[in-house]
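Residue numbers (this note's numbering), protein chains in the order written: chain A, 468 to 783; chain B, 404 to 811.
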């Protein structure tokens, strides 16, 4: 639950990563501060990338205001930041506001992938659910085609556990809630019985305490107390939430993590932004992604994005 | 003295000036506070009015009926109350039924009062009338410490420790609730049956300590009995029995958990105010009653309690006001499920918790934002009324004491 409250603590909190000293690599461009505003899901990532950047280029620091993905587009449009981390793509309205101000769209860089997992108690015999079953359990609209709702464990043809399925999820204003609603509930609406927790860690903790519970949470919040369920697709194949499957796009409940960058189509990036993106799209940056429990991008996607940004290829 | 005499007028004038300045500052502070409270109310009202004034963001989408009565939504079999404000506009459209939130708020407050009031009033009556002074001077700071515990800590413990424990040990908890009252009554009776010498060493003022080991004993007894009782009466699974035989849903974070946590939070303030009211009853009244042959119970029940009743009532009302406005405890202990059910074992979602969760993400000026401010206005009006009423009642009590010739 403490991690759950992180969002609140981080609002308005500036994470200052100060690295005093000379800046040999960026000497000709001067020492810089990189201001970023956006997603709290990505706060840990931005922090670690910033730390690494500060070590490579002493004097360069990354300043992060992690108050939610929704705060990134206004800050980019207002020009207070050039880099906005978002755990969802920009909406049409957000993009239009940016274009109206600058005349060109913001550059969308995918920097990592994240997945949602359906979790059960570690002793629960259930190992996989189809999308229709998932929808019948969590929603009251059943848009994915289940004939009737599933409220009890008996309906899943399991000997154990019995009784009502206790449901746990994120609160309605979180991106996790929205993604699960769109992808797993086919855009329908949740049952009102789904417990709404302020963070993914709280969801996992609640499920780990109750053998009759199911929940959904971010992949990076898995603990030994719960097990992640596989999803059964229309042909009956199991889709496990493993990094390789998430990277390939085979696991359905996945999302890209974005950095939106304000960069004119013909202009070049300032040195600080350039160094940051170069790190993020390097093997080193992607190792940090893995360390934090997210899923790194395949090498060819990295190379393609580096080319598009005009960054030297990773070997240099 | 004589030397200082010529200075006196100047000094006095200085002192008067200081007094006037202090009075002015205090008055300004008081007026400032009142103005701030009024400004909050006015701000909320101004932000909320466009909802119902036509042409505002509410427009045709919400009115009193859609807010407070069951609505039929696509995909649902029967009309229902739904608070799902973040569903996208196009499909299936946000749902703004506020009744479950108001219901959850009142349900949480009712359960916390149900748990806190008997305990707090019992403790207040005992410590005001019977407890030894030494024990009382220890008890009061302890309870004040309880009041100083932040709500977020209480909510954290309730949601992450108490709720899972209760879910696993439901039978034990139920046995404990059943055994504690008769067990403690029995213990009280046993004290009366003690031989004279022992009894003198355990005067009434210290009787609370006599009960403590008995609480432990009852707990051990409950732990020993619970599994066999559960096996004999409920087939070894009380939770399953509640769900199948009683047909009640059991949620781990439910109204009773919230009531216990919030009861813990409001108990100290109810205790403090009620204790003040009870110990403020002029001693002459109680002494007179006992001199006329009334027992301690009769004195308490027929004389002291009625005399202090306005103060006790206002203590309960202050507790109710706090329970309704409390945010973090409900947010962390309830599961935030916007349900409209009388089942105390199901979850709930309160107005205050909804504001805390959703307001940071609601677009300012939008419909969702204004509805959350409407929720804030409701809470504001409710706590304002309850607190004002409690204050009015308390000032009546003070007048009554003065008439009875006791301390103010």
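Even for Gly, the Cβ is constructed at its ideal location relative to N, Cα and C.
| Asked | Found |
| --- | --- |
| Interface positions of the region 717 to 737 of chain A facing chain B (Cβ-Cβ less than 8 Å), listed along the chain | none |
| Start and end residues, beta strand (DSSP E) containing residue 633 of chain A | 633 to 637 |
| Burial state of residue 797 of chain B (16 or more Cβ within 10 Å) | buried |
| The beta strand (DSSP E) enclosing residue 577 of chain B, as first and last residue numbers | Taken as a continuous stretch (DSSP letters only), residue 577 of chain B belongs to no beta strand (DSSP E), being part of the alpha helix (DSSP H) at 573 to 596. |
| For residue 553 of chain A: DSSP bridge partner residues | A:725 |
| Any chain A beta carbon closer than 8 Å to residue 741 of chain B | yes |
| Residues of its chain near residue 629 of chain A, where Cβ-Cβ distance is below 6 Å and the 5 sequence neighbours each way are ignored | 620 |
| CB contact check: residue 771 of chain A to chain B, cutoff 8 Å | no |
| Continuous alpha helix (DSSP H) assignments of at least 4 residues falling wholly in the region 712 to 797 of chain B | 731 to 736, 754 to 761 |
| Which listed residue (A:655, A:499, A:697, A:626) has its alpha carbon closest to that of residue 492 of chain B | A:655 |
| Rounded Cβ spacing between residue 754 of chain B and residue 782 of chain B (contact assumed at less than 8 Å) | 6 Å |
| According to DSSP, residues forming a beta bridge with residue 503 of chain A | A:531, A:550 |
| Residues near residue 557 of chain B in its chain [Cβ-Cβ closer than 7 Å; skip 5 each side] | 664, 667, 668, 732 |
| Status (buried if at least 16 other CB within 10 Å, exposed otherwise) for residue 552 of chain B | exposed |
| Alpha-carbon spacing of residue 689 of chain B relative to residue 588 of chain B, whole angstroms | 25 Å |
| Stretch pair the region 602 to 610 of chain A + the region 687 to 700 of chain A: three plus CB contacts closer than 8 Å | no |
| The ligand ZN heavy atom lying under 7 Å from the CB of residue 701 of chain B | What this structure holds is no ligand at all, so the ligand ZN is not there to describe. |
| Spatial distance of residue 557 of chain A from residue 676 of chain A (CA atoms) | 36 Å |
| Proximity to residue 633 of chain B [Cα-Cα], best of B:678, B:479, B:575 | B:575 |
| Which of helix, strand or coil DSSP assigns to residue 473 of chain A | With a pLDDT of only 43 at residue 473 of chain A, under the threshold of 50, the placement of this residue in the model should not be trusted; the figure read from the coordinates follows. Helix. |
| Cutoff 8 Å: residue 607 of chain A Cβ touching any chain B Cβ | yes |
| Contact with chain A by residue 553 of chain B, beta-carbon distance below 8 Å | no |
| DSSP-derived helix/strand/coil call for residue 461 of chain A | The first residue shown for chain A is 468 and the last is 783, placing residue 461 of chain A beyond what the model contains. |
| CB contact below 8 Å: residue 540 of chain B versus chain A | no |
| Whether residue 822 of chain A touches residue 739 of chain B by CB criterion (8 Å) | Residue 822 of chain A lies beyond the residue range present for chain A, which begins at 468 and ends at 783; the question has no answer from this structure. |
| Cα-Cα separation between residue 578 of chain B and residue 621 of chain B, rounded to whole angstroms | 10 Å |
| C-beta contact flag for residue 563 of chain B and residue 672 of chain A at 8 Å | yes |
| Cut-off 8 Å between Cβ atoms - residues of its own chain near residue 799 of chain B, not counting five sequence neighbours on either side | 713 |
| Coarse secondary structure for residue 529 of chain B, derived from DSSP in three states | helix |
| Minimum Cβ-Cβ distance from residue 767 of chain B to chain A less than 8 Å | no |
| Limits of the beta strand (DSSP E) - the one that residue 595 of chain A falls within | 595 to 597 |
| Sequence-distant residues of the same chain with beta carbon closer than 7 Å to residue 746 of chain B, five excluded per side | 651, 652 |
| Rounded straight-line distance, which links the Cα of residue 539 of chain A to that of residue 475 of chain A | Confidence at residue 475 of chain A is low in this model, with a pLDDT of 39, below 50, so the placement of that residue is unreliable and no value is reported for it. |
| Residues bridged to residue 576 of chain A [DSSP beta-bridge criterion] | A:726 |
| Contact under 8 Å by Cβ, residue 696 of chain A with residue 587 of chain A | yes |
| Enclosing beta strand (DSSP E) for residue 685 of chain A [first to last residue] | 680 to 685 |
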